[in-house]
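Student:
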Amino acid sequence: MNTDADTLTAFRQEVIAWLADNIPEDPGFLLPLTFMEVGTEEQLEFLIAWQRKVYDAGYLGMAWPEAYGGRGMPQVYQDIVDEELMNHKAPIIFNTIGLGWAGPLILQLGTEAEKQKYIKGILTGDDIWCQGFSEPDHGSDLGNAQTRAVRDGDDYVINGSKIWTTHGTYAKYMILLARTNPEAQSKYAGLSFFLSPMDVPGISTSPIRKITGEYGFAQTFFDDARIPANCLMGNEGDGWKLAMQTLQYERSVDGGQASTYKITSMTSADLIETCRTIQRDGKPLLDDPIVQDQLVQFIMEERNLLLNQKRSSIQDLCTDYPLSLMLSGKLEATELFRRMRQYAVSLQGAKGGLYIHDNDALDGGIWQHAYFNNFSATIGGGTSQVQTNIIAEHALGLPK
Amino acid sequence: MNTDADTLTAFRQEVIAWLADNIPEDPGFLLPLTFMEVGTEEQLEFLIAWQRKVYDAGYLGMAWPEAYGGRGMPQVYQDIVDEELMNHKAPIIFNTIGLGWAGPLILQLGTEAEKQKYIKGILTGDDIWCQGFSEPDHGSDLGNAQTRAVRDGDDYVINGSKIWTTHGTYAKYMILLARTNPEAQSKYAGLSFFLSPMDVPGISTSPIRKITGEYGFAQTFFDDARIPANCLMGNEGDGWKLAMQTLQYERSVDGGQASTYKITSMTSADLIETCRTIQRDGKPLLDDPIVQDQLVQFIMEERNLLLNQKRSSIQDLCTDYPLSLMLSGKLEATELFRRMRQYAVSLQGAKGGLYIHDNDALDGGIWQHAYFNNFSATIGGGTSQVQTNIIAEHALGLPK
Amino acid sequence: MNFGQQARNHKVDSLNFSEEQKMILESARSFCEDTSSIEQVRELLDSSRGYEESVWAQLVELGWTGIAVPERFGGSELGIETVVPIVESMGRSLSATPFISCTLSAQILLQAGSTDQQQRWLPRIVEGQIATVALLDNEDWGAFSTTQELNDELVLKGEKWFVDDAVSAELFIVLTQYQGNARFVMVTRNQLEEGAVQAHALIDETKRSARVDFTGVSVSAEAILVAEDTSEILNDIKLIGALLTAAEAVGATSSCLNLMVEYLNTRKQFGKLIGSYQALKHPCVDILTKLEGARSQVYHAATLFEEGQGKMDRDLEVACRMAKASANDALLMAGDRAVQFHGGMGFTYECDAQLYIRRAQWSQQQFGESAHHRKRLAPLLLSL
Amino acid sequence: MNFGQQARNHKVDSLNFSEEQKMILESARSFCEDTSSIEQVRELLDSSRGYEESVWAQLVELGWTGIAVPERFGGSELGIETVVPIVESMGRSLSATPFISCTLSAQILLQAGSTDQQQRWLPRIVEGQIATVALLDNEDWGAFSTTQELNDELVLKGEKWFVDDAVSAELFIVLTQYQGNARFVMVTRNQLEEGAVQAHALIDETKRSARVDFTGVSVSAEAILVAEDTSEILNDIKLIGALLTAAEAVGATSSCLNLMVEYLNTRKQFGKLIGSYQALKHPCVDILTKLEGARSQVYHAATLFEEGQGKMDRDLEVACRMAKASANDALLMAGDRAVQFHGGMGFTYECDAQLYIRRAQWSQQQFGESAHHRKRLAPLLLSL
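Chains as they are written, first to last, in this note's numbering: chain A, 6 to 405; chain B, 6 to 405; chain C, 142 to 525; chain D, 142 to 525.
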């Protein structure tokens, strides 16, 4: 398919036009900024409808095979759509575990039957997916997962518990990491990977209330839950390999996701806009030199992230600490956003004490909400403190 | 002796008047801000003369016994003198190891002979003292000192090396921590304490050049140096106890020092003055709101130090973390000063690139010099990082 | 080189602590521990008033509503310096009562009311009637004008924002524009229209504040406090409010730090207590440092209140603003790090860290955030 | 809510690295490693010129003095973007040569000189004659006026400060006031009075700079560069100077960090390598982060130079200022922590940390400290 510059420019214009006509009106309730923030039925319904609309327009899974519901086009088309979704601050494409993790994994390593069964529902949003990796007692130490899966005839019987299950209460399927062989040579070799249904006796979820006051993820309990044996992906013992592959999709920039648009960022541009809105002593806060100085610093840091990403693909400019840019992106971005959001709250005067349910809250309380939600990023997937260790040891070569 | 308010006020006026008449003119070379900064003969001569002048005026060792050269007056008189020396940014009273450590130790625990022999020379500045605790291979781990002292007839024979010996090249006496018994039950029990002459064959010093480019302390080498056996203070094995007592004088606020005026502080008031002097775009830098904001923060931190010190004497306001104020004063003060001084350099425009020997340097390059010298305070006596551990473990009760 | 001396004519290090303050601090701490355990705090989150009326009654019984009120109006005349340890203790236990609102109301009456007005209203506050102040028309603590009006027929028009404890208040002291001046006027609850009080949804769920619409309320001439020049009084009240909020924040920071230290001494990761990692340990020391500084500032301000017998001068203004800016920064850091250092648990509503990070956001804004106060400190400190 | 989109019309993430740049970077790194070991750097600290003339000759031989000079004047016309990796490598080795001074001199000639003037002076610079720029009358990099004068008889009056490499320079480009305009005028060394060059005592002992008194120097009309409106050229030159200083600082930060990492992997305290303590380890990551950001900024600016063929526009100005502010902050932190983390050794002149903390102070001020650039970035970035 054609990817010359003119064709792509025309395509971009088409997308922009479509978005102008189709981005939904403000629904009157706060929309999730990330897929992890879906906490109410009304948000869920809204986002399912929106994903369906984008899919029906042909703008989702564009690079996935047509045979399973994709469009079979070059990746660059999806990239353009994702960029414009971001530029227009469209609602997020929420079914991220399916679109970004399970889907690519199944397409790359799944059987024909698995592809036929799962892919289309991921794209339409009919089948919501969740992820069952972390367990309550060993946060990031996945290799140590204790949830048991025991083969019993045509079933596996699952016992144990998973935590931080995003969309857990709504999901139809889970990618599940469980231990099939506790006696395996290594703890990793005993793990297997399942594409598990959620609607099975013995699987229950208990929603976890977040610091924001909302719900959004769950603890999932397995109590002699029987799932069909063909839910096993690959062979017994493949669990660690498949889980690591899954995490690759999470971390990498273009790992075959149906869409990468899972986060509406609050950027320095938004912060500037906020400072333009707020009045102090009859002048916009943006006129305050002290505020300006802070904003300039944020912009510089934000631009560092963009430029570092660009530079990371130029090997000759990464010879000093070859792993540094790769390892530090998440830490820097999430910590910068935390500070920017905290700062944005501090600027609001008495309104900074209002929260999302208050009609007078500045911009619907989005900064307060975003600040609180940001901790999922500085804690989840390895806390900032652990990330810093990793960079020190792996990029700088400092001792453990 | 009378210590009522009116008498003390009158005394303070007398001191102020004396200082107005007697503080020396700018000698045309940079004066040390702390006793650790004495690096040249001309500085030394200047400071000896100044100490002598203060002593002769009756303003040094005011609370030390008259029998040994002191004035036998209440401590509050010396406190007033020290305050006014500071307020007037007088040259420092430089013989600190003698006045602040060795002197109080001898007065408290020394024999009559020791008091007769040493105290007066400390006060007049005739006898400069240095300290031999740290060794090259175990910075702050004093208990591990390896310098050996072996009794041989009427002498002890000393072998080993001490480092960071302030005034080492000028000193007549050293308070020396050395190991008399390597087989003692504990490493602490094997240590002894000496009031050692420096002018003895086998003791040599090698001046260490500081980061500032100047000299100020030395490494001291003992090579079969014989010192009279009566230089031993107390008994063999008392070394650790006496060294710890000495460090008490260093740390405590009013531990019997002849004068506590050993540092000329560069304060936020000086920084403000500097900002008033520097012109940018035809206006004093002090008019810049961003600079103002930073100055206000420095002033607040500086005031915290003052207020914390005051509060530390009110036990009922220190019940939460009883050791916190006591343990954190050094860390907070030295780190604040480091940041203030570094900031002061950053404000100077191209002049910030000049150093103390340049006639065009702003205020003689005092900020640059003070910034560099400040590292002796954030490193010496336990680095800031070690101090923070101590506070965490001892004040907050966090695990080691 | 011509460096200035320390500004020696300013009271930069006064800090005293009287026997009265000590006794009050001890009794306030134990009272708050008894009446405001963290479970009790959580139970009240969904309540409309935000506090137990029985607890308020006990507090009144203890005489605290009269501490800064002269004896002739039934108070004990111990001054704002003695209110400080009570508020600090409340902050420590996250105990929410209308105590600060009542204290500020009494202070306005003392400064702006006639003897008759004081005689009429102050004893009611001392006896426990809940009073509050309605100062803001918008979110700007720096504003000194008001859009709220009292017309010549003595009918009020306009609403006020961020009226703390409005849901439970019987008395409102409203800043309003009357005949060209900003004036304080007393309104009682029964004068309000049905639905006039619209609760704000606060980020701090322990606190209560509301929009109150005073439109149509008709007041008597006696309800207008006599002081015609209110700008200085308003300034004083905001500074007292800042100091009390600072004291409360200092208390909250202290218990937040305790929460963290406890968790860091319990939770293990990679085989070690997480408190042994310097990446968690050293920031706790930073919080401690900020806390200690803020606490010293708060008691310094309290001391100057005592020394000046409540008169607001430059030194006291500096002290109040420094106390607030310092306390803001301490609690903001503590709340933020408390969430982070609790890891996954910290991200849940169930973890108590959320109570502190929310209090931190509310508290920093009450009577002005740190930048607001630093901006006003600059001319006071830098001789501009 | 009406949040703005990212400013999409600005080049915020252009970053390319050409084959030429790559080759130059590699050869510059190895050249500097060979000619500027830390021992060689230390040997030169007390020298008057601050560099080895033989090293300069080799550098000229390599053609680097002509890299940003058009081919018609004997250069290789590779642009400032290719100067950047050379300067970065020099910074990495703390190699001090008059390379930046010569580069800036050539750029002024290219922008302000007539073809004749360029023809006369540029080939001399390419061939290795040392040239420098004399811009400042005081310490303020923000000043655009000058007190230095050229009178109608073409005699100069006044002195210049901070003239880098003045001790070795054969050519000086002096910013002077002439008939109401700030103009550039060429002065050669032999025109200077005995004693006209007074070396500054710099905090960075690897660098050389001086006060130069041009009073009494009589110039020919041809020595006055033709450009009459110099304010834009001056602005450009200061931005190029800022970028090159930033590149140099990035190199120095990198080797400073290496010095720290090496020590932290060698020195033990309390039985453990000190690099295993997070209190030292994590700040090293902070430095790395600042370094990486600054390096990206520097190459972003270099890329925009290439894309715009050297034309200074808003995006390039933003990039140069950001590069300088970022590089300043990285090296300042690195130098400061390098001293601290070396403990007692760090406080000695013998420890190489001193070279970096001194370079950091000098470098931050050369062509403006971070606050200077942030102040100028504000209107560019915030659409004020």
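Backbone N, C-alpha and C define an ideal beta-carbon position, used for all residues, glycine too.
Every value quoted in this text rests on a predicted model; they were computed, and no experiment measured them.
Can you tell me whether Gly130/B is buried or exposed, with buried defined as 16 or more other CB within 10 angstroms of its CB?
Tutor: Working through the second sequence from its first residue, we reach residue 130/B at position 125. By the neighbour-count rule (16 or more Cβ atoms within 10 Å), Gly130/B is buried.
Student: Looking only at its own chain, which residues have a Cβ that is under 6 angstroms from the Cβ of Val258/B, when we skip the five neighbours before and after it?
Tutor: By 1-based counting over the second sequence, the position of residue 258/B is 253. Low confidence applies here, because Val258/B scores a pLDDT of 46, under 50, leaving its location unreliable; read the following figure in that light. So the list is empty, once near-sequence residues are dropped.
Student: For the segment 342-362 of chain B, list every residue whose C-beta sits within 9 angstroms of some C-beta in chain D, in sequence order.
Tutor: Answer in chain order: Arg343, Gln347, Val350, Ser351, Leu352, Gln353, Gly354, Ala355, Lys356, Gly357, Gly358, Leu359, Tyr360, Ile361, His362.
Student: Starting from the C-beta of Phe342/B, find all residues in its chain whose C-beta is less than 6 angstroms away, skip the five residues before and the five after it, and write them out in chain order.
Tutor: Here residue 342/B is taken as the residue at index 337 of the second sequence, counted from 1. Excluding positions up to five away in sequence, the list reads Asn379.
Student: By Cβ distance, which residues of its chain are closer than 6 angstroms to Met486/C, with the 5 residues on each side in sequence left out?
Tutor: As a first step, residue 486/C is located in the third sequence; it is residue number 345 there, counting from the start. Cβ neighbours of Met486/C beyond the five flanking positions: Cys492.
Student: Just checking: is the beta-carbon of Pro294/A within a distance shorter than 8 angstroms of some beta-carbon in chain B?
Tutor: Residue mapping note: residue 294/A aligns to position 289 of the first sequence, counting from 1. Interface residue, yes.
Student: By a C-beta neighbour count over all protein chains shown, 10 Å radius and 16 as the cutoff for buried, is Gly72/A buried or exposed?
Tutor: Position 67 of the first sequence, counted from the first residue, corresponds to residue 72/A. According to the sequence shown, residue 72/A is Ala rather than Gly. By the neighbour-count rule (16 or more Cβ atoms within 10 Å), Ala72/A is not buried but exposed.
Student: Quick one: what does DSSP say Ala94/D is sitting in, helix, strand or coil?
Tutor: The structure shown does not extend to residue 94/D, since chain D is modelled only from 142 through 525, so no value can be given for it.
Student: Answer yes or no: does any C-beta atom of chain A fall closer than 8 angstroms to that of Asp154/D?
Tutor: Indexing the fourth sequence from 1 puts residue 154/D at position 13. Interface residue, yes.
Student: Among Glu290/D, Met164/D, Ala387/D, Leu523/D, which has the Cα closest to the Cα of Ser437/D?
Tutor: Residue numbering aside, residue 437/D sits at position 296 when the fourth sequence is read from its first letter. Nearest of Glu290/D, Met164/D, Ala387/D, Leu523/D to Ser437/D, Cα basis: Ala387/D.
Student: If you scan the segment 409-490 of chain D from start to end, which runs of the alpha helix (DSSP H) of 4 or more residues do you find wholly inside it?
Tutor: The segment 409-490 of chain D contains these whole alpha helix (DSSP H) runs: 419-448, 455-482, 484-487.
Student: Along the segment 436-465 of chain D, where does the CB come closer than 8 angstroms to a CB of chain A? Name the residues.
Tutor: So the close ones are Arg436, Ser437, Gln438, Tyr440, His441, Met463.
Student: Note down, in chain order, all residues in the segment 159-185 of chain C with a beta-carbon under 9 angstroms from any beta-carbon belonging to chain A.
Tutor: Listed by position along the chain: nothing, the set is empty.
Student: Counting along the chain, where does the beta strand (DSSP E) carrying Glu300/C start and finish?
Tutor: Residue numbering aside, residue 300/C sits at position 159 when the third sequence is read from its first letter. That run of the beta strand (DSSP E) goes 300-305.
Student: Given that Val1/A touches chain D, what residues does it touch there, using C-beta distances under 7 angstroms?
Tutor: This structure does not reach residue 1/A, given that chain A is present from 6 up to 405, and the question cannot be answered.
Student: Might you give, ordered along the chain, the residues of its own chain that have their beta carbon closer than 6 angstroms to the beta carbon of Ile396/A, omitting 5 neighbours on each side?
Tutor: Translated into the one-based positions of the first sequence, residue 396/A becomes position 391. Only Leu332, Ser333 meet the Cβ criterion.
Student: Exposed or buried, what is Lys452/D when buried is set at 16 or more other beta-carbons lying within 10 Å of its beta-carbon?
Tutor: Here residue 452/D refers to the residue found at position 311 when the fourth sequence is read from its first residue. Under this definition Lys452/D is an exposed residue.
Student: Which of the residues in the segment 403-417 of chain C, read from start to end, lie with their CB under 7 angstroms from any CB of chain B?
Tutor: Cβ contacts with chain B: Leu405, Asn406, Leu414, Gly416, Ser417.
Student: Three or more C-beta pairs closer than 8 angstroms, one from the segment 443-462 of chain D and one from the segment 215-234 of chain D: is that the case here?
Tutor: Contact holds: three or more Cβ-Cβ distances are below 8 angstroms.
Student: Give, in chain order, every residue of the segment 385-402 of chain C whose Cβ lies closer than 7 angstroms to some Cβ of chain B.
Tutor: Result list: Ser395, Val402.
Student: Which residue marks the beginning of the alpha helix (DSSP H) containing Asn399/C, and which one marks its end?
Tutor: Mapped onto the third sequence, residue 399/C falls at position 258. Residues 372-405.
Student: Which whole-angstrom value describes the C-beta separation of Gly261/B and Gln113/B, a residue pair presumed to lie in contact below a C-beta threshold of 8 angstroms?
Tutor: Counting from one through the second sequence, the residue named residue 261/B turns up at place 256. Counting from one through the second sequence, the residue named residue 113/B turns up at place 108. So it is a contact: roughly 7 angstroms between Cβ atoms.
Student: Near Arg281/A, which residues of its chain fall below 7 angstroms by C-beta distance, leaving aside the five closest residues on each side in sequence?
Tutor: As a working note, residue 281/A is residue 276 in the first sequence. Closer than 7 angstroms at Cβ, skipping near neighbours: Pro289, Leu291.
Student: Quick one: is Asp298/A near chain B, going by C-beta distance under 8 angstroms?
Tutor: Along the first sequence, one-based indexing puts residue 298/A at 293. Yes, contact with chain B.
Student: Using a Cβ cut-off of 7 angstroms, which residues of the segment 208-221 of chain B contact any Cβ in chain D, in chain order?
Tutor: Against chain D - using a Cβ distance shorter than 7 angstroms - the residues of the segment 208-221 of chain B are Ile213, Arg214, Lys215, Ile216, Gly218.
Student: At a cut-off of 7 angstroms, would you count Gln505/D as near the ligand NAD, judging by its Cβ distance to the nearest heavy atom?
Tutor: Ligands displayed in this structure: none; no statement on the ligand NAD is therefore possible.
Student: List the residues of chain A whose Cβ lies closer than 9 angstroms to the Cβ of Ala310/C, in chain order.
Tutor: On the third sequence, position 169 is the one that residue 310/C refers to. Per Cβ cutoff of 9 angstroms: no residues; Ala310/C is ~18 angstroms from chain A at best.
Student: Less than 8 angstroms between the C-beta atoms of Thr287/D and Asp281/D, yes or no?
Tutor: Within the fourth sequence, numbered from 1, the residue matching residue 287/D stands at position 146. Within the fourth sequence, numbered from 1, the residue matching residue 281/D stands at position 140. Result no, Cβ atoms of Thr287/D and Asp281/D do not sit closer than 8 angstroms.
Student: Along the chain, where does the alpha helix (DSSP H) that runs through Met91/B open and close?
Tutor: Within the second sequence, the letter at position 86 stands for residue 91/B. Where Met91/B is concerned, the enclosing alpha helix (DSSP H) stretches over 80-92.
Student: Where does Ile384/B fall in DSSP's three states?
Tutor: For the purposes of this step, residue 384/B is taken as residue 379 along the second sequence, with counting starting at 1. In this structure, Ile384/B counts as helix in the three-state DSSP scheme.
Student: Go ahead and pull the three-state DSSP assignment for Ser359/D.
Tutor: On the fourth sequence, residue 359/D is found 218 positions in, with the first residue counted as 1. In the structure shown, Ser359/D sits in a strand (DSSP, three-state: E or B).
Student: Taking the C-alpha atoms as reference points, what is the distance between Pro37/B and Gly75/B?
Tutor: Counted from its first residue, the second sequence places residue 37/B at position 32. Counted from its first residue, the second sequence places residue 75/B at position 70. For Pro37/B and Gly75/B, the distance between alpha carbons rounds to 26 angstroms.
Student: Can you tell me whether Asn394/B is buried or exposed, with buried defined as 16 or more other CB within 10 angstroms of its CB?
Tutor: Along the second sequence, read from residue 1 onward, the residue named residue 394/B stands at position 389. Label assigned to Asn394/B: buried.
Student: Please report how far the alpha carbon of Leu186/C lies from the alpha carbon of Pro239/C, in whole angstroms.
Tutor: The residue given as residue 186/C occupies position 45 in the third sequence. The residue given as residue 239/C occupies position 98 in the third sequence. Taking the straight line joining both Cα atoms gives about 15 angstroms.
Student: Does the CB of Asp142/B have a neighbour CB from chain D at under 8 angstroms?
Tutor: Here residue 142/B refers to the residue found at position 137 of the second sequence. No - not a single Cβ of chain D is within 8 angstroms of the one on Asp142/B.
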